[in-house]
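Student:
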Amino acid sequence: MDGVMNPTTNIISFDLTTTSLRDVNHYLHHQVSPGNHIDIHHPNGAHNLAVGLQEAIAVDIHGHTGYYAAGMNQLASVTIHGNAGAGVAENMMSGRVHVKGFASVSAGASAQGGLLVIDGDAGLRCGISLKGGDIVVGGSVGSFSAFMAQAGHMVICGDAGDALGDSLYEAVLYVRGNIKSLGADAQIEPMTEDDQAIVANLLEQAGFSHNPNDFQRVASARQLYHWNADAKQDY
Amino acid sequence: MTASPDNVNQRLSLEESWGYDRRMMNYIYNAAAHGLYEIRGLGAKRKLPHFDDLVFLGASLTRYPLEGYREKCLTKTILGTRFAKKPIELDIPITIAGMSFGSLSANVKDALGRAATAMGTSTTTGDGGMTQEERQSSKTLVYQCLPSRYGFNPDDVRKADAIEIVIGQGAKPGGGGMLLGQKINPRVAEMRTLPEGVDQRSACRHPDWTGPDDLTIKIQELREITDWEKPIYVKVGASRPYNDVKLAVHAGADVVVVDGMQGGTAATQSVFIEHVGIPTLAAVRQAVMALEEMEMKGKVQLIVSGGVRTGADVAKAIALGADAVSIGQGVLFALGCNRDSYIQNGEHHSAVDDYTALGTAPGYCHHCHTGQCPVGVTTQDAVLEQRLEPEMGAKHVKNYLQTLTMELTTIARAAGKQNIHHLEREDLVALTIEAAAMAQLPLAGTNWIPGQSSF
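As you go down the protein sequences, you meet chains F and D in turn.
Take any residue in the first sequence, note its place counting from 1, add 4, and you have its number in the working numbering.
Take any residue in the second sequence, note its place counting from 1, add 446, and you have its number in the working numbering.
1. Locate the alpha helix (DSSP H) running through F/Ala33, then write down its first and last residues.
2. Alpha carbon to alpha carbon, how far is D/Tyr801 from D/Cys811?
3. What are the partner residues of F/Lys135, as DSSP defines its beta bridges?
4. For chain D, check one thing: does any of its Cβ atoms lie closer than 8 Å to the Cβ of F/Met76?
5. Tell me, please, whether the stretch 509-522 of chain D touches the stretch 821-841 of chain D by the rule of three or more beta-carbon pairs shorter than 8 Å.
6. Which residue spans inside the stretch 702-769 of chain D form an unbroken beta strand (DSSP E) run of at least 3?
7. With 8 Å as the threshold, decide whether the Cβ of D/Glu675 is near any Cβ in chain F.
8. So F/Ala153 and F/Ser133 are supposed to be a Cβ contact under 8 Å. How far apart are they, rounded?
9. Any beta-carbon of chain F closer than 8 Å to the one on D/Asn599?
10. Pick from D/Gln886, D/Asp873, D/Leu877: whose alpha carbon is nearest that of D/Leu503?
11. Quick one, which residues of the stretch 115-138 of chain F are near chain D if we go by CB-CB under 8 Å, in chain order?
12. Enumerate in chain order the residues of its own chain whose CB-to-CB distance from D/Ala840 is below 6 Å, with the five nearest sequence positions on each side excluded.
13. For D/Val717, does the count of other Cβ atoms within 10 angstroms reach 16, so buried, or fall short, so exposed?
14. What do you get for D/Leu536, buried or exposed, if any count of 16 or more other CB atoms within 10 angstroms of its CB means buried?
15. Mind listing the chain D neighbours of F/Val101? Cutoff is C-beta to C-beta under 8 Å, in chain order.
16. F/Val82 CB to nearest chain D CB: under 8 Å?
17. Going along chain F in order, which residues have a C-beta closer than 7 Å to the C-beta of D/Gly627?
18. At 9 Å on the CB atoms, spell out the chain D contacts of F/His68, in chain order.
19. Give the secondary structure of F/Arg100 by DSSP, where H, G and I count as helix, E and B as strand, and everything else as coil.
20. Within the continuous alpha helix (DSSP H) that includes D/Phe779, where are the two ends?
21. Based on Cα-Cα distance, which residue from D/Asn784, D/Asp498, D/Val771 lies nearest to D/Thr878?
22. Could you tell me whether the Cβ atoms of D/Gly706 and D/Ile724 are closer together than 8 Å?
23. Does any CB atom of chain D fall closer than 8 Å to the CB of F/Arg26?
24. What does a CB cutoff of less than 6 Å around D/Ala490 pick up in its chain, not counting 5 residues either side in sequence?
25. Alpha carbon to alpha carbon, how far is D/Gly620 from D/Cys650?
26. With a floor of 3 residues, list each beta strand (DSSP E) that falls wholly inside the stretch 843-893 of chain D, ordered by position along the chain.
27. Excluding the 5 residues preceding and the 5 following D/Thr756 in the sequence, name in chain order all residues of the same chain whose CB lies nearer than 7 Å to its CB.
28. Tell me the DSSP bridge mates of D/Ser787?
29. Give me the chain F residues within the contact set of D/Ala649, using Cβ-Cβ distance strictly less than 7 Å, ordered along the chain.
30. Which residues bound the alpha helix (DSSP H) around D/Thr662?
31. What residue range does the beta strand (DSSP E) around F/His41 cover?
32. Note down the Cα distance separating D/Pro808 from D/Arg492, rounded to an integer number of angstroms.
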């Protein structure tokens, strides 16, 4: 089922109150070309909206989304003009997902590439199992964020909750506000010039104007990389 | 000094303790020496109530047998008929279980794919993503979505024929994957986005959902991404299969995989392997009961795994209500796991010295976790992996699956079934009270089902 094309803007519009989720996703998978611009109205918290996109298209979602909005995104640029439910941009491979409001738990979980921007706060487990994607959060993140994060970067402009970066691998986190507590094997390290350049670049891409010098670097102490009988670790 | 008559006649006192036998003492010596639990491969080694404790009632006067060689006995198996537009069609009800590239070499994954394709059945990826080798060699490939999400990506989701969401496995229900540093070579490390050589302990919970209601939405996401084409399996390690199967069905699974505690692993704490989970025999009955109560028998298919070794095991699982089985360790043995030799260019070479170097011997080895598999099956070592030649491995696995299929149809014909899926509980009795109680079958020669009827 096709959306409605506006002849002056070339934007194709869908209304989720009249077109089914399955039809919208099918259209986004099979009937778009790079450069297309799609508007989706009245998402009303629908789950699994704009998942599995593969083309360099722009999608604007006007309202709040449910679980897994823009999940597994490739190449597309998806903007959610509202709040996002659990697992927004989960397992993103490339492209960009921008949440103008707040994001629930597991935002950007296991993302392998691309950029996730959240203007507001993110809930628990933001960036869990991160595998190379970048996440910029304008507000604060909940507890257990970046749990077992393997690669990529998280820039947190607000505060971080408990157990930040628990069991981190090679992902690097930058926090501007307070860190309630660090997780096992995460440690605060000095910011290098490279770190500042990374933070400056990600802030610019995300549209934030904070000073990179105000961020702390959190990375893995790498003490959990190998079994160690003498460490008295509870593994 | 001359020996007194008393000393000459004194016997050695060798009364072994049951509670503190030599195995237990060795366990304590090791714990005292290392301060770290044992990690090993394969499955539970203890004796458990199993399919061996059941027998079939062949046809006689009350039932009509089929000719063993002439009359047809169908083995075709269809999985994923509930929601998927493209269900899986298999020639036999015996599939190859999920085992990771990383735990197994690329040669082995290739061999499994070739054998499965030749037999018209499916293979399954594992906790490490999909390799080119297995996708190319497998006509039907099931792609696992695991808590770790190592190497999980939408391109491979679309390349897969079915997707299996792994909640747990029988060897360690409640535990995540484990792969020791020796096996994290550059290719494995890259696929999993891990530093080379780290002792990988993967997550035991999925990163983006936490319970059955979330799982419902997660399943829908995978369906949306694949335009509702591919069957979605949900795999659980057997602990509370009655509840887990009900929840998986409620969450929208097309197929439920129940893996009992005899199921294998590439590396897990032995305390986990031996002491967590329930036997496959008990799990099958519970899983089938859940499907029957939901009136989902035949709508949601059930795959049973964990210690399925023979055609008789397959037949018993199916008679108890499974639609198919999955085999992991059995195919590893078919590839030569624990044999004293490996084959190169048609000639056997002794592997005994390599078993000795690992501190074990053929027939006892469970050292998959070391990556030093003497017969080239569970290794990422560039030299050792050559010991498994894909062509030879594929031939052996195909022969094994073919043998199981012949045994399965032998039993089905003897029970008078033209289709192996017509095997039923009524065809079985139990040899032990434990098996009778777990499988809810009568003890042989009686009408007694423990917990249901009096003798």
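We treat Cβ as the ideally placed atom computed from N, Cα and C, and that holds for glycine.
Tutor: Concretely, from the data shown:
1. In the sequence on display, residue 33 of chain F carries His and not Ala. F/His33: member of the alpha helix (DSSP H) spanning 25-34, first to last residue.
2. In a straight line, the C-alpha of D/Tyr801 is about 7 Å away from that of D/Cys811.
3. In the DSSP assignment, F/Lys135 is bridged to F/Ala155.
4. Yes, F/Met76 lies at the interface with chain D (some Cβ there is under 8 Å from its Cβ).
5. As far as the Cβ criterion goes, the stretch 509-522 of chain D does not touch the stretch 821-841 of chain D, which means the pair count is below three.
6. As far as the stretch 702-769 of chain D is concerned, its whole beta strand (DSSP E) runs of at least 3 residues are 747-751.
7. So, not an interface residue.
8. 7 Å between Cβ atoms; contact.
9. The beta carbon of D/Asn599 falls within 8 Å of a beta carbon belonging to chain F, placing the residue at that interface.
10. Each of D/Gln886, D/Asp873, D/Leu877 was checked against the Cα of D/Leu503, and the nearest Cα belongs to D/Asp873.
11. Cβ contacts with chain D come from Gln116, Arg129, Ile132, Ser133, Lys135, Gly136.
12. Around D/Ala840: Ala557, Arg560, Ala561.
13. Burial call: exposed.
14. D/Leu536 is buried by the Cβ-count criterion.
15. By Cβ distance, chain D contributes nothing, its closest Cβ being about 14 Å from F/Val101, past 8 Å.
16. So, not an interface residue.
17. For D/Gly627, the residues of chain F that pass the 7 Å Cβ criterion are His230, in the order they occur in the chain.
18. Taking the beta carbon of F/His68 as reference, no residue of chain D falls within 9 Å; the closest one sits roughly 15 Å away.
19. Three-state DSSP puts F/Arg100 in a strand.
20. Going by DSSP, D/Phe779 is part of the alpha helix (DSSP H) stretching over 775-780.
21. It is D/Asp498 whose Cα lies nearest to the Cα of D/Thr878.
22. Yes.
23. With a threshold of 8 Å between beta carbons, F/Arg26 makes contact with chain D.
24. Here the set comprises Met707, Gln708, Ile719, Glu720.
25. Their Cα atoms are separated by approximately 6 Å.
26. Counting only runs of 3 or more, we get 874-876.
27. Contacts found: Leu850, Glu853.
28. According to the DSSP secondary-structure assignment, D/Ser787 is paired through a beta bridge with D/Ser796.
29. Simply Ser133, Met152.
30. Here the alpha helix (DSSP H) through D/Thr662 covers 658-671.
31. For F/His41, the uninterrupted beta strand (DSSP E) run begins and ends at 41-45, by DSSP.
32. Taking the straight line joining both Cα atoms gives about 18 Å.
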